[in-house]
């Protein structure tokens with residue numbers, strides 16, 4: 001499993017779908033927002049949690065089409081499907097590799113980008129916590145979408161259309177945690193909902209992804 005994880009990490013960097021692409025997109029979104037809404041500090045402070053969460057979500061989408069497509073193209077996906085390692089474990093490893101190369105860098109960069117949007121000081125902690133809890137769900141959901149569309153021509157657009165609706169609950173509760181934390185409000189309810197979504201996706205979607213992948217590989 002460790003060898004597979006290291007392999008996927010190397011593939012992510014070599015294919016250009018590693019943390020650099022996601023971070024660059026995240027930075028562009030954050031920098032352009034003040035130009036579009038104006039330099040008002042109060043307005044930027046209000047919208048900062050939602051903008052940062054939306055930027056992180058869209059950045060996660062950038063590399064989803066590479067999750068399984070590279071293995072499909074070189075035939076290694078068929079080998080992985082017949083390997084002694086359960087296909088559910090393969091899916092979990094690929095989700096983890098995506099999170100390490102995309103989600104985790106976004107979590108670490110978010111506080112620095114929050115400064116550009118004048119995020120209130122109490123909001124930095126809750127922004128990081130919400131992203132740390134929520135981004136794994138986006139990687140697991142993205143892997144499920146990649147399994148559904150693997151082998152399809154121009155499947156990237158279809159993948160985005162399938163995954164985006166599934167991302168919405170994570171976006172809503174994640175941004176709400178950051179917003180409430182920034183304003184000093186109680187965060188327990190949306191935080192528990194966010195954690196529940198992540199736990200459910202990690203527990204269920206690897207099995208669904210493996211089942212879909214077995215069908216696609218027949």
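Residue numbers (the UniProt record's numbering): 1 to 218.
Just so it is clear, CB atoms sit at the ideal spot from N, CA and C, and this is done for glycine as well.
Using beta-carbon positions only, say whether residue 22 and residue 105 come within less than 8 Å of one another.
Translated into positions along the chain shown, residue 22 becomes position 22. Translated into positions along the chain shown, residue 105 becomes position 105. Yes, the pair counts as a contact, with Cβ atoms nearer than the cut-off.
When burial is assigned at 16 or more other CB atoms within 10 Å of the CB, is residue 20 buried or exposed?
Residue 20 sits at position 20 when you count from the first residue of the chain shown. Residue 20 comes out exposed.
Just to confirm my understanding: we take residue 148, look at its own chain, exclude 5 residues before and 5 after, and list those with CB closer than 7 Å. What are they?
As a working note, residue 148 is residue 148 in the chain shown. So the qualifying residues of the chain are 162, 212.
Quick one: is residue 214 buried, meaning 16 or more other Cβ sit within 10 Å of its Cβ, or exposed?
As a working note, residue 214 is residue 214 in the chain shown. So residue 214 counts as exposed.
What number of angstroms, rounded off, separates the C-alpha of residue 164 from the C-alpha of residue 76?
Taking the chain shown and counting its residues from 1, the one referred to as residue 164 is at position 164. Taking the chain shown and counting its residues from 1, the one referred to as residue 76 is at position 76. Going from the Cα of residue 164 to the Cα of residue 76 covers about 28 Å.
Thinking residue 56 and residue 110 are a contact (beta carbons under 8 Å), I'd like their distance in whole angstroms, please.
As a first step, residue 56 is located in the chain shown; it is residue number 56 there, counting from the start. As a first step, residue 110 is located in the chain shown; it is residue number 110 there, counting from the start. So it is a contact: roughly 7 Å between Cβ atoms.
What is the C-beta distance between residue 30 and residue 113, in whole angstroms, given that I count them as a contact (C-beta under 8 Å)?
Taking the first residue of the chain shown as 1, we reach residue 30 at position 30. Taking the first residue of the chain shown as 1, we reach residue 113 at position 113. Confirmed, about 4 Å.
Among 184, 108, 169, 44, which has the Cα closest to the Cα of residue 201?
On the chain shown, residue 201 is found 201 positions in, with the first residue counted as 1. The shortest C-alpha separation from residue 201 is found at 169.
Where in the segment 17-86 do unbroken runs of the beta strand (DSSP E), each at least 3 residues long, occur, reported from the N-terminal end onward?
Runs found: none.
Taking residue 193 as the reference, which of 33, 117, 207, 171 has the closest Cα?
Along the chain shown, read from residue 1 onward, the residue named residue 193 stands at position 193. Nearest option by C-alpha distance: 171.
Quick check: what's the CA-CA separation for residue 28 versus residue 199?
Here the question's residue 28 lines up with position 28 in the chain shown. Here the question's residue 199 lines up with position 199 in the chain shown. C-alpha separation (whole angstroms): 31 Å.
Given a threshold of 16 other Cβ atoms within 10 Å of its Cβ, counted over all protein chains shown, does residue 6 qualify as buried or as exposed?
In the chain shown, counting from the first residue as 1, residue 6 sits at position 6. Exposed, because fewer than 16 other Cβ atoms sit within 10 Å of the Cβ of residue 6.
What number of angstroms, rounded off, separates the C-alpha of residue 45 from the C-alpha of residue 144?
Position 45 of the chain shown, counted from the first residue, corresponds to residue 45. Position 144 of the chain shown, counted from the first residue, corresponds to residue 144. The straight-line gap from Cα to Cα measures roughly 34 Å.
Compute the Euclidean distance between the alpha carbons of residue 103 and residue 186, then round it to the nearest angstrom.
By 1-based counting over the chain shown, the position of residue 103 is 103. By 1-based counting over the chain shown, the position of residue 186 is 186. If you take the alpha carbons of residue 103 and residue 186, they lie about 25 Å apart.
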